[in-house]
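Take a look at the structure set out below.
Residue numbers (this note's numbering), protein chains in the order written: chain X, 1 to 104; chain U, 105 to 305.
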């Protein structure tokens, strides 16, 4: 029962993330949708797979390692993309920009 | 004229911060404890990845990870504070601090997913880039703090600047509420920094 709920939640979150990439105005807000929804959706789907499959415990532990790696690497990649886009010259559509004050 | 006392006060503050920083630098873990912690982490990873309980595989993994840990002892554990005995510290970390952090982050991640879904539906965004100050000084602690800020609702770390004992984070905030640095820091960092200050310096 709980694995079905986790699977459905993960897929709904993934769909909302894709919708956010289409609807948000610029790079940085799109990165919000991409990072959070992909991390949460993938981790919940992996948890559901751990609960649902009948495999030895070592394979489930490997899936846990995979979830840990996703949770560590996803924010780093998002930070790298955001910083690279800012250094390349993509202007954010923001109210206040303290990063441009300090790095003219 | 009226700016001079402020300048002196700021200068003294900076000097005190630097002295504290040097003190923490002097009170790191001794080298063999760093080797042991790195070896334990790498050995656990080896056991999970290979997944075979045979004695030959375990001995090979122990030898290889001990060799790697002797060379790479500063990579993971250079920034851990020295408080108390090492076994006590490992037990505290494995059974109190780590589950606490995992539970906090799991609920924050759930909340951030729901909040992004709400933002996608209603499009009530008001983005801004703010600069907040962090009390942490170590590299590993700042990396974990920045990743946690990226996964908490509504915020995304853009860059980190570290100048002589002071650390500043630039955060892209999707729903800008305040420009005050202390209030924004409290709102963004939450209780994760309190958790991190117990382990890293």
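Virtual Cβ for every residue (Gly too), placed ideally from N, Cα, C.
Exposure label - residue i; buried when at least 16 CB within 10 Å
i              : result
residue 16(X)  : buried
residue 265(U) : exposed
residue 303(U) : buried
residue 240(U) : buried
residue 257(U) : buried
residue 220(U) : buried
residue 189(U) : exposed
residue 2(X)   : exposed
residue 22(X)  : exposed
Neighbour flag for residue i against chain U, beta carbons, 8 Å
i             : result
residue 62(X) : yes
residue 30(X) : no
residue 98(X) : yes
residue 19(X) : yes
residue 94(X) : yes
residue 13(X) : yes
residue 16(X) : yes
Minimum Cβ-Cβ distance from residue i to chain X less than 8 Å
i              : result
residue 155(U) : yes
residue 254(U) : yes
residue 235(U) : yes
residue 203(U) : no
residue 119(U) : no
residue 282(U) : no
residue 243(U) : no
Under the three-state DSSP convention, the category residue i falls into
i              : result
residue 219(U) : helix
residue 44(X)  : helix
residue 230(U) : strand
residue 189(U) : coil
residue 304(U) : strand
residue 137(U) : helix
residue 283(U) : coil
residue 93(X)  : coil
Given residue i as reference, the closest of the options once Cα atoms are compared
i              : options                        : result
residue 133(U) : 171(U), 194(U), 118(U), 260(U) : 194(U)
residue 248(U) : 289(U), 207(U), 279(U), 296(U) : 296(U)
residue 14(X)  : 2(X), 8(X), 37(X)              : 37(X)
residue 230(U) : 49(X), 25(X), 82(X)            : 25(X)
residue 61(X)  : 161(U), 153(U), 200(U), 290(U) : 153(U)
residue 83(X)  : 156(U), 260(U), 171(U)         : 260(U)
residue 211(U) : 267(U), 255(U), 301(U), 275(U) : 255(U)
residue 40(X)  : 68(X), 57(X), 85(X), 54(X)     : 68(X)
residue 76(X)  : 146(U), 300(U), 285(U), 246(U) : 246(U)
C-alpha distance - residue i paired with residue j, whole-angstrom precision
i              : j              : result
residue 150(U) : residue 165(U) : 7 Å
residue 278(U) : residue 92(X)  : 12 Å
residue 293(U) : residue 253(U) : 7 Å
residue 111(U) : residue 119(U) : 12 Å
residue 197(U) : residue 140(U) : 15 Å
residue 168(U) : residue 203(U) : 29 Å
residue 214(U) : residue 163(U) : 41 Å
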